[in-house]
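Its first residue numbered 1, the sequence shown is counted upward by one per residue in full-length UniProt numbering.
Don't be surprised by glycine CBs; every beta carbon is placed ideally from N, CA and C.
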Amino acid sequence: MPIPSLLLHHYTSGQGLLGILDSNSIWSTRIQYLNDSKEFSHAIELARAAIHKRKTDRAEGRFSALCEALTDQLERLSGLAIYVACFSEVEDSLSQWRGYCPPGFGYSIGFDGEQLRNIASAQGFQLRKCIYNDYEQRQAINQWVERTLSGASGSCPPSQEPGAFLEKTAGSFLQEFIEFAPYMKHNAFSAEREWRLVALISFDNARVKLRPGKSMLIPYVPVNLELSLESKLIWNIRIGPTPHIELAMNSASLLFNRIRPVNGIGRSFVPYRDW
Numbered sequence: 001m002p003i004p005s006l007l008l009h010h011y012t013s014g015q016g017l018l019g020i021l022d023s024n025s026i027w028s029t030r031i032q033y034l035n036d037s038k039e040f041s042h043a044i045e046l047a048r049a050a051i052h053k054r055k056t057d058r059a060e061g062r063f064s065a066l067c068e069a070l071t072d073q074l075e076r077l078s079g080l081a082i083y084v085a086c087f088s089e090v091e092d093s094l095s096q097w098r099g100y101c102p103p104g105f106g107y108s109i110g111f112d113g114e115q116l117r118n119i120a121s122a123q124g125f126q127l128r129k130c131i132y133n134d135y136e137q138r139q140a141i142n143q144w145v146e147r148t149l150s151g152a153s154g155s156c157p158p159s160q161e162p163g164a165f166l167e168k169t170a171g172s173f174l175q176e177f178i179e180f181a182p183y184m185k186h187n188a189f190s191a192e193r194e195w196r197l198v199a200l201i202s203f204d205n206a207r208v209k210l211r212p213g214k215s216m217l218i219p220y221v222p223v224n225l226e227l228s229l230e231s232k233l234i235w236n237i238r239i240g241p242t243p244h245i246e247l248a249m250n251s252a253s254l255l256f257n258r259i260r261p262v263n264g265i266g267r268s269f270v271p272y273r274d275w
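This is the structure we're talking about:
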């Protein structure tokens with residue numbers, strides 16, 4: 001079988017791997033509870049700065065009021081219930097083994113990216129590559145601010161207060177914001193070559209569940225993977241650096257009773273020792 005045009009890898013612990021297979025799903029976490037949640041806040045700060053610049057450049061009373069109203073709406077963005085699941089183009093990455101797997105007990109699950117996109121899209125998730133370049137991030141933010149302000153300026157009736165108008169039309173520009181903002185990451189992490197499944201899901205949606213974290217309960221939404229012995233979604237499984245590679249390979253072979261990766265099960269060749 002030919003190698004998929006897009007291969008995406010999810011790094012997890014042994015417990016996480018079994019959880020994915022047992023539940024037939026991968027968990028998307030609410031973005032505010034991710035380790036790098038500040039990067040979403042950074043996107044909001046960039047938007048706030050872009051709005052301020054537009055307001056300064058065009059100091060008209062009604063347009064200024066529109067800018068202030070849009071700035072107020074940004075506060076809603078920081079609390080949006082956006083759910084994220086993370087993947088990498090890199091199959092055997094030292095930084096990923098260190099960052100996302102416990103020492104000596106990590107796994108990388110390789111997915112056919114296009115199959116994953118189609119399965120997740122039917123559940124309201126979008127799969128996209130993360131944006132690391134600072135110029136591209138600012139350009140996306142500036143274009144969104146320009147479209148939003150221009151559209152609102154041309155559509156807001158003279159008799160209506162800008163804040164009330166934006167409140168009524170918030171859904172459209174908030175939806176557009178999450179088309180790109182949750183995919184923004186600091187350039188220092190560009191080697192991860194991350195892709196994300198992202199969805200905006202209401203707080204009271206029945207799909208929202210809770211799992212225990214280190215210091216709090218973490219909201220998550222399962223993304224059903226439609227796994228079976230005939231499924232071709234999982235391309236391969238790679239065992240991370242471990243002091244017991246032969247035993248780990250033997251026990252992992254028992255996974256074939258549940259799932260048959262197209263390209264089988266392999267091992268990491270990263271020279272990493274943490275045991």
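- Burial of residue 12 is indicated by the presence of at least 16 other C-beta atoms within 10 angstroms of its C-beta.
- A residue is called buried when at least 16 other Cβ atoms come within 10 angstroms of its Cβ; residue 252 meets this threshold and is buried.
- Taking 3 residues as the minimum length, the beta strand (DSSP E) runs contained wholly in the segment 170-231 are 194-200, 209-212 and 217-224, in order along the chain.
- The criterion of a C-beta distance shorter than 8 angstroms is not satisfied by residue 236 and residue 212.
- Closest by C-alpha distance to residue 194, out of 204, 183 and 201, is 183.
- Residue 33 sits in a helix when the DSSP states are folded into three classes.
- Counting along the chain, the unbroken beta strand (DSSP E) around residue 12 starts and ends at 7-13.
- For the options 99, 256 and 118, the alpha carbon positioned closest to that of residue 127 is the one of 118.
- When the beta-carbon positions are compared, residue 71 and residue 48 come within less than 8 angstroms of each other.
- Per DSSP, the continuous beta strand (DSSP E) segment holding residue 239 begins and ends at 234-239.
- At the C-beta level, residue 8 and residue 108 stay beyond 8 angstroms of one another.
- Under the DSSP assignment, residue 111 falls in the beta strand (DSSP E) whose first and last residues are 106-112.
- In this structure, the straight-line span from the alpha carbon of residue 179 to that of residue 250 is close to 43 angstroms.
- The beta carbon of residue 233 lies closer than 8 angstroms to those of 111, 112, 115, 116, 119, 225, 226 and 227 in the same chain, with the five residues before and after it left out.
- In the three-state reduction of the DSSP assignment, residue 90 falls in the coil class.
- Cβ neighbours of residue 20 within its own chain (closer than 6 angstroms, five residues either side excluded): 26.
- Of the candidates 122, 215, 69 and 132, the residue whose Cα lies closest to the Cα of residue 167 is 69.
- In this structure, DSSP gives residue 122 a state outside helix and strand, which the three-state scheme calls coil.
- Taking C-alpha positions only, residue 65 is separated from residue 164 by approximately 11 angstroms.
- Ranked by Cα distance from residue 74, the options 46, 230 and 62 are led by 46.
- Nearest Cα to residue 218 within the set 30, 90 and 2: 30.
- Look at residue 83 here: in three-state DSSP terms it is strand.
- Beta-bridge partners of residue 26 (DSSP): 223.
- DSSP, read as helix, strand or coil, puts residue 259 in coil.
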